[in-house]
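This report concerns only the one structure given below.
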Amino acid sequence: MIKGEKRIPLTKESILSKISEYDIYKAFAPKFKLGKKFSSPMPGRGDSDPSFIIGTKYGNYYHCDYGESSYYGNCVDFVMQIKSCDFNTALRLIDTEFGLGIQSPLKDWKSVVSSYSQPIIKDDEQQIHIECHYKRFTE
Numbered sequence: 003m004i005k006g007e008k009r010i011p012l013t014k015e016s017i018l019s020k021i022s023e024y025d026i027y028k029a030f031a032p033k034f035k036l037g038k039k040f041s042s043p044m045p046g047r048g049d050s051d052p053s054f055i056i057g058t059k060y061g062n063y064y065h066c067d068y069g070e071s072s073y074y075g076n077c078v079d080f081v082m083q084i085k086s087c088d089f090n091t092a093l094r095l096i097d098t099e100f101g102l103g104i105q106s107p108l109k110d111w112k113s114v115v116s117s118y119s120q121p122i123i124k125d126d127e128q129q130i131h132i133e134c135h136y137k138r139f140t141e
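Numbering of the sequence shown is given in our numbering, commencing with residue 3 and proceeding in unit increments.
As structure tokens, this is what we get:
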């Protein structure tokens, strides 16, 4: 009989089984308010006017930068974009930031995510809805 703990693979699903998409956005962009525009946290973007938004669509969180069309997606895309890294590195950064113990040392991540309240988002309702539409202007 093999003893020890079962090793959990580091995947988006294994991370989201412990923390929410909201937690990830809150850790990497702590000043955002759901559904409200704010200055872009993306590297190299100096915003004079708020053009970045984090909201929900069909029960999932998404972000969109109206000033730079390449900055949009889900919470893992957000970490990849803000840290300029690949998918696996973003998963490791999230695991380490929260100390989830999937591949990083386990920390008391529950105290971090309980320090603020989670918004209530229903899968079948669009409480705060965002869509990114871009128009290219040509002469």
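Yeah, the Cβ is synthetic: ideal placement off N, Cα and C, and Gly gets one too.
The residue among R47, P52, K33, A31 with its C-alpha nearest the C-alpha of F40 is P52. Considering only F80, G48, G69, I96, the residue with the shortest C-alpha distance to T13 is I96. Taking a cut-off of 8 Å for Cβ pairs, the region 20-35 and the region 72-92 touch, as three or more such pairs fall below it.
Boundaries cannot be given for T13, as no beta strand (DSSP E) includes it and DSSP labels it neither H nor E. The alpha-carbon separation between Y24 and C77 amounts to approximately 8 Å. In the three-state DSSP reduction, N76 falls in the coil class, being neither helix nor strand. With a beta-carbon spacing of about 16 Å, L36 and I21 fall beyond the 8 Å limit used to define contacts.
Beta-bridge partners assigned by DSSP to C87: none are found. With respect to F54, S72 sits apart: the two C-beta atoms are not nearer than 7 Å. Beta-carbon to beta-carbon, G75 and R47 are separated by about 15 Å, too far to satisfy the 8 Å threshold.
The residues F54, D67, E70, Y73, Q83, I84, in chain order, have a CB closer than 8 Å to that of M44 in the same chain once the five nearest residues on each side in sequence are set aside.
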